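Following UniProt numbering, the numbering of the sequence shown begins with 1 at its first residue and continues without gaps.
Think of the CB as a built atom: it goes at the ideal place given N, C-alpha and C, for glycine as much as any other residue.
Please read all numbers here as calculations on a predicted model, not as lab measurements.
Below: one structure, written as structure tokens.
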Amino acid sequence: MTDRDDPSAVSELVVEHRMAGEVAIVTVRGEVDAATGAQLEQAVRTCLARTRGGFCVLDLTAVRFLGGHGLAVLLKVSRSAEKLQQPLRIVVDSNRPVVAPIEITGLEEFLALYHSVEEALHA
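Below, the structure is given as structure tokens:
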């Protein structure tokens, strides 16, 4: 049995906000699952409220698990960002725990994915 199978296990998500000029960047580390999905959603909403650069960057390169709840949150916040006309640029690099579930579900067709924060900032 893994920690994710144990309902008493506590998931951890660390959120950091910073600015690159007028663009807000939120970096998350840890696991995005049912226990931390709301925390990810709030982090992106804060990022969208802070940005003045026309878009927000979400860095997932340090995420070590992305579950179904996390995928649903990514789609939801991405759509919310589009409605605000502040697209969400999601950085995934080659992080397999993040890229694999996105590719398996076909969400790469709906999400704006980038390989680095620099690429997302200058695209």
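Taking the Cα of F110 as reference, the smallest distance to any Cα among A72, R96, S94 is reached at A72. Note on geometry: alpha-carbon atoms of L48 and L40 lie some 12 Å from one another. Scanning its chain for C-beta atoms nearer than 6 Å, with the 5 sequence neighbours on each side dropped, one finds around V14 the residues R29, G30, in chain order. Taken through DSSP and simplified to helix, strand or coil, H17 comes out as strand.
Minimum Cα-Cα distance from E12 among the listed residues G37, I25, A24 corresponds to G37.
At a cut-off of 4 residues, the continuous stretches assigned as alpha helix (DSSP H) that sit fully inside the UniProt domain "STAS" (13 to 123) are 37 to 50, 68 to 83, 96 to 105, 117 to 122. With a beta-carbon spacing of about 7 Å, N95 and V63 fall inside the 8 Å limit used to define contacts. Taking the Cβ atoms as the reference, L66 lies roughly 5 Å from V32, within the contact range of under 8 Å.
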